[in-house]
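Protein chains: 2
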Amino acid sequence: MTGPTNKSEPHRRTRRDHATETAEDYVEAVAEIITEREVCRLVDLAKYFAVSHVTANRIVARLQKEGLLQTEPYQPIELTPKGKRLADRCRQRHEIVYRFLLSLGIDQKTAAIDAEGIEHHVSPKTLRKLEQLVDQSG
Amino acid sequence: MTGPTNKSEPHRRTRRDHATETAEDYVEAVAEIITEREVCRLVDLAKYFAVSHVTANRIVARLQKEGLLQTEPYQPIELTPKGKRLADRCRQRHEIVYRFLLSLGIDQKTAAIDAEGIEHHVSPKTLRKLEQLVDQSG
DNA sequence: ACAGAAGTTTAGCCTGTGCTACAATTTTGC
DNA sequence: GCAAAATTGTAGCACAGGCTAAACTTCTGT
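If you're matching them up, the sequences are chains A and B in order. Be aware that the first sequence starts at 8, since it is given in my numbering, and climbs by one per residue. Be aware that the second sequence starts at 8, since it is given in my numbering, and climbs by one per residue.
In structure tokens:
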């Protein structure tokens, strides 16, 4: 009933892009916070994700090691060029998913919540389709 | 641009239902495997998720502790009533998301992959909407 | 029936993300 | 200018989920 296609294959893809999801969420958040308040501090991220500053700190450290974020001790957090590119892509994708959900008649609050969860799992192919449909519908 | 709604709230919801995602994936898999091959063994799950049998074993143990799965040492894995109910709900939700993606004109393979990732993040409200739309379109 | 194959468990390691408690630094307000 | 507040960093814990290696149990075939 469920899938006509191979069963094991989808999971290999799905299963734990979780690693990258956090990265995507954080660069997106940093970009957003910088846009809104000029600089992004650790506390801002901690509040944004409702985690302790310690957790935020460790994730920032990891993403710095991965070349997405840049910061100095006790200094604000910035995006590297690579991080900026990723953030832009994520924002666009997020935007498309969110607007698509709205176009289905989902209320704003629900659409915002669902878009957060869904965005990381939409393939480029599906994303293009959603974009088309959003453009058509308004 | 992005969200008209509160920024911190979506994340509190999104951030780590990851715990439950694994549970959902596993009960769904167990149900599917039992349907197809009568019994579900550890190796079946390990292959299904493309992880080592050791990893599968530990997750099964956790889900048994949580009352979703039932098994005895060296014996097949079964669903508890609670696990069965969860599996059924997940299968239905999965089905709806998958068929919805197909109805958008996404190819089967892509739809299968994306449905895997997306299903856990679709709220009941959005799910009902998708169901309506699938029913209408075919 | 019993050896080898298949399947399962256990031990022990790693990484990521969560926390509290406490130390250090920077900012702020008198 | 200096104490208090805010912010950031560090130490050390927990748990989930990833692994390999090795031991143990069950199944299979001759």
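Note that CB positions come from ideal geometry on N, CA and C, so glycine has one too.
Note: residue 97 of chain B is not bridge-paired with any residue in the DSSP secondary-structure output.
Pairwise C-beta distances place the segment 32 to 43 of chain B in contact with the segment 77 to 87 of chain B, as three or more of them are shorter than 8 angstroms. In this structure, residue 29 of chain A and residue 66 of chain A form a Cβ contact; the two beta carbons are roughly 6 angstroms apart against a cut-off of 8 angstroms. Minimum Cα-Cα distance from residue 69 of chain A among the listed residues A:122, A:26, A:53 and A:129 corresponds to A:26. With a cut-off of 8 angstroms on Cβ pairs, the segment 86 to 105 of chain B is not in contact with the segment 118 to 126 of chain A, counting fewer than three such pairs. Taking 8 angstroms as the cut-off, the Cβ atoms of residue 108 of chain A and residue 133 of chain B count as close. When the Cα atoms are used, residue 95 of chain B and residue 138 of chain B turn out to be separated by approximately 16 angstroms. The DSSP assignment places complete alpha helix (DSSP H) segments of no fewer than 4 residues inside the segment 40 to 114 of chain B at 49 to 56, 60 to 72 and 88 to 110, in order along the chain.
Boundaries cannot be given for residue 130 of chain A, as no alpha helix (DSSP H) includes it and DSSP labels it neither H nor E.
A straight line joining the alpha-carbon of residue 74 of chain A with that of residue 93 of chain A spans about 11 angstroms. Closest by C-alpha distance to residue 79 of chain B, out of B:110, B:57 and B:47, is B:47.
Rounded to whole angstroms, the gap between the alpha carbons of residue 41 of chain A and residue 91 of chain A is 11 angstroms. For residue 89 of chain A, no CB of chain B lies under 8 angstroms from its own CB, so it is not counted at the interface with that chain. Take residue 64 of chain A, set aside five residues on each side of it, and the residues of its chain with a beta-carbon closer than 7 angstroms to its own are 49, in chain order. Cα atoms of residue 45 of chain A and residue 115 of chain B: separation of roughly 45 angstroms, rounded to the nearest angstrom. Proximity of chain A to residue 130 of chain B at the Cβ level (cut-off 8 angstroms) is accounted for by 117, 120 and 121, in chain order.
Between the alpha carbons of residue 76 of chain A and residue 56 of chain A lies a distance of about 17 angstroms.
Taking C-beta separations shorter than 7 angstroms and ignoring five residues to either side along the sequence, the partners of residue 104 of chain A in its chain run 122, 125, 126, 129 and 137, following chain order. By the neighbour-count criterion, in which 16 or more other beta carbons inside 10 Å mark a residue as buried, residue 43 of chain B falls on the exposed side. Of the other Cβ atoms in all chains shown, fewer than 16 fall within 10 Å of the Cβ of residue 61 of chain B; this residue is therefore exposed. One thing to note: residue 111 of chain B has its Cβ no nearer than 8 angstroms to the Cβ of residue 111 of chain A.
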